[in-house]
């Protein structure tokens, strides 16, 4: 039996999960354990294995690892001296300190980081009118993810994780300021909403309560926009003027295609 590969991910819109699944395919993983840290009701259901590779994937929020992902990683994941491949996904702007921060977190959890990569996914603020990295990860990204997984396997075939030099990653310490939960948050069009509850079930922060009416606790919202993606009636949207201004900037300055970056 091939060694177990643990996929650890916080992935509100599915981009980080899809990316590390492709990395695992390139690695040649057959025995896979999935440790999904995205939704509250999934937490604590998966026990980290004692051996094999971990592939850890998170999105980038303002150049950092999302605070909610950090909290769940520290509470529900254990390294036990295993090698780890680190993956961040970002919306074609910049990943800044996120990959370096993920390395620090992984080491604190007892992993030995052996590789890192930054992949591009459709920006969570992307809309039909203001598309940013629309449709990514695409087939080319998937091929790149397979290649990264192959390179990780090749590196580990040359010696134990502890025998390799410390992984060097871009970024700066102290880390840049990240984002915090709180307003603005997506809003609901009551005329379009059918109270199906899909938005509530998709919210990683538990910020949306669906019942006889829909309510959003803006203080908990992390603006991942998962709710706007899953709503079958397009009743959820994030249209605050601050976000609209940011979307305009992204379209103007971040429309040229960026490719993944690997560090081994």
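In this note's numbering, the protein residues as written are 207 to 470. By construction, the Cβ of each residue, glycine as well, lies at the ideal position given by its N, Cα and C atoms.
Check	Outcome
Can you tell me which of the three DSSP states residue 328 falls into?	coil
Just how far apart, CA to CA, sit residue 401 and residue 445?	20 Å
Compare the beta carbon distance of residue 413 and residue 427 with 7 Å and say whether it is the shorter of the two.	yes
Check each candidate in 419, 356, 406 and name the one with the smallest Cα separation from residue 232.	356
Excluding five sequence neighbours on each side, which residues of the same chain lie with their C-beta closer than 8 Å to the C-beta of residue 243?	214, 215, 216, 249, 275, 278, 279, 282, 283
How about residue 384 and residue 268: do their beta carbons lie closer than 7 Å?	yes
Take residue 417 as the anchor and find which of 463, 403, 410 has the nearest alpha-carbon.	403
Would you kindly work out how many angstroms separate the C-alpha atoms of residue 324 and residue 234, rounded to a whole number?	20 Å
Under the three-state reduction of DSSP, which class applies to residue 288: helix, strand or coil?	coil
How many Å lie between residue 293 and residue 392 at the Cα?	27 Å
Any idea what DSSP makes of residue 207, helix, strand or coil?	Because residue 207 sits at a pLDDT of 43, beneath the cut-off of 50, its placement in the model cannot be relied upon, and the following sentence gives the value as read from the coordinates. Here residue 207 sits in coil by DSSP.
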